[in-house]
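Report on the following structure.
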Amino acid sequence: MGNRFVELEEDIRAAAESVTGEFMTLERLSGVGGLGVILISGARGHAIVKYPVRQEAAFYRSWAPVVQQSGLGVPDVYAQGEIQGQPWILMEALDSLLGPPYHGRLTDMTSYLAQLHMIEWDEMSFITGEPLPVRPVDLSSQDIQDAAMLWPTEVKEYLVHLLYLPWPTLPNERRLVSGDPNPTNWGLRASGQLVLFDWSEVAWSHPAYDLAVICGGIPEVALVGEVVDAYLNRADAPRATQSRDEWVAWVITARLVAFVWFAAWWTRGQLTEAAQPGLTMLRDGLVDWIGAVRPAVTDFLT
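For the sequence shown, the numbering used here assigns the number 138 to the initial residue and increments by one for each residue that follows.
Structure, rendered in structure tokens:
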């Protein structure tokens, strides 16, 4: 449903009308973080206005062309700028979203990620645009303490104990990761090309972080193994010499880190109310999940 109360700044409106023609509807789309995404429908078509975090704005300015040159789908950008220090992007509205069941597209998504992860920081030093963050996949004491605030007192102490146990240490790799390739962040062009459209968590990091996110929900070890198998079956996956089981342990660890970061972001006021379903999932299931997956990582502790 269109929202007549959505307002667009003059510069954005002018750029959008050059793409869509006269506006028919403006619809604010929901999200768990950031200032928002607006779908514009006009006489000549559709476009998206997004108010991104700075690292996503930097990605579209300097790094999206590199990803596209690899043959991977990224939304086309029509215009980009800042208003009073807040970045904005006018971009392509995809023909359709990748809806459930997602399992049937697992091979396609992991193939995309394997190709993305071949882009290494050392090879990109020639790019002089804005830098992307480097994100080690590990937890600080502050992350743990902030995240634990989500749980009641009778659970918090035990959860903190579990989080301070030894967990596998991921190698300090710097490969380009989406940071949030969860199955709801993919779309399709009319040509059938798969497009990853949310780059708000883009960074240089270990590929296991993306695989952890693509698992979705609170994954069983079997599902993590299925995702790892699909990924490592790609000839261009950055496998090095590690075993399949070690990759499973890394992905489980990265999923745990992602859960803790998510809870900590809520405590710090970085998420919107749209995050509540995910937070409820964590409150109800994280402690039991840690107990279930712990045996799969114990052979790879350092």
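Heads up, the beta-carbon is just placed ideally off N, CA and C, and yes, glycines get one too.
Three-state secondary structure (DSSP) of residue i
i	result
Asn140	Annotation note: pLDDT 45 at Asn140 (below 50); position unreliable, no value reported.
Gly422	helix
Glu357	coil
Val214	strand
Trp225	strand
Val314	strand
Ile256	coil
Glu219	strand
Asp245	helix
Pro504	The chain is shown from 138 up to 439; residue 504 falls before or after that span and cannot be answered.
Ser380	coil
Pro202	helix
Gly208	coil
Leu408	coil
Glu193	helix
Leu438	coil
Trp288	coil
Gly362	helix
Arg392	helix
Arg431	helix
Asp347	helix
Tyr239	coil
Pro375	coil
Gly173	coil
Strand pairing of residue i, partner residues [DSSP]
i	result
Gly324	Leu234, Val332
Lys293	In the DSSP output, where bridge partners are listed per residue, Lys293 has none listed.
Ser178	Thr162, His183
Trp403	For Trp403, which the question treats as bridged, DSSP gives no partner whatsoever.
Val271	Trp341
Assumed close pair residue i, residue j - CB separation to whole angstroms, cut-off 8 angstroms
i	j	result
Glu257	Arg311	7 angstroms
Leu276	Val424	At roughly 16 angstroms, the Cβ-Cβ gap does not stay under 8 angstroms, so Leu276 and Val424 are not in contact.
Trp225	Arg420	Wrong, their Cβ atoms sit about 35 angstroms apart, outside the cutoff.
Ile351	Pro318	5 angstroms
Glu229	Pro212	4 angstroms
Ala349	Val388	5 angstroms
Trp426	Ile355	5 angstroms
Asp136	Leu325	Coverage of the chain is limited to positions 138 through 439, which leaves residue 136 absent and any answer about it impossible.
Arg272	Trp200	Between Trp200 and Arg272 the Cβ distance is about 15 angstroms, and since that is not below 8 angstroms, they are no contact.
Gly241	Gln330	That belief does not hold up - the Cβ atoms of Gly241 and Gln330 are roughly 17 angstroms apart, past 8 angstroms.
Top-ranked residue by Cα proximity to residue i, from the options
i	options	result
Asp335	Arg326, Tyr346, Thr321	Thr321
Met286	Arg405, Pro212, Leu325	Arg405
Ala367	Ile149, Arg242, Thr247, Trp200	Thr247
Thr390	Leu438, Ser380, Ala359, Thr409	Leu438
Tyr301	Glu291, Gln279, Glu363	Gln279
Gln379	Arg150, Ala345, Glu267, Pro237	Ala345
Asn370	Leu250, Ala327, Ser315, Pro432	Leu250
Ala433	Gly362, Leu416, Met418	Gly362
Glu146	Leu307, Glu159, Thr244, Ile220	Ile220
Arg181	Phe160, Phe196, Ala195	Phe160
Gln223	Arg392, Tyr188, Gly179	Tyr188
Asp373	Val274, Thr417, Gly179, Gln252	Gln252
Gly158	Gly179, Asp148, Asp259, Ser207	Gly179
Gln407	Tyr239, Ile149, Ala184, Asp283	Asp283
Gln206	Met255, Ala327, Gly218	Met255
His183	Thr162, Thr435, Ala195	Thr162
Proximity below 8 angstroms, CB of residue i to CB of residue j
i	j	result
Leu296	Val339	no
Val365	Trp384	yes
Val190	Leu227	no
Leu166	Val156	no
Ala216	Ile177	no
Gly92	Phe399	Limits of the chain in this structure are 138 at one end and 439 at the other, which puts residue 92 out of reach.
Ser337	Glu193	yes
Leu243	Trp323	no
Leu307	Val274	yes
Asp148	Gly218	yes
CB contact check: residue i to chain B, cutoff 8 angstroms
i	result
Thr409	Of the chains in the structure shown, none is chain B; there is only one protein chain.
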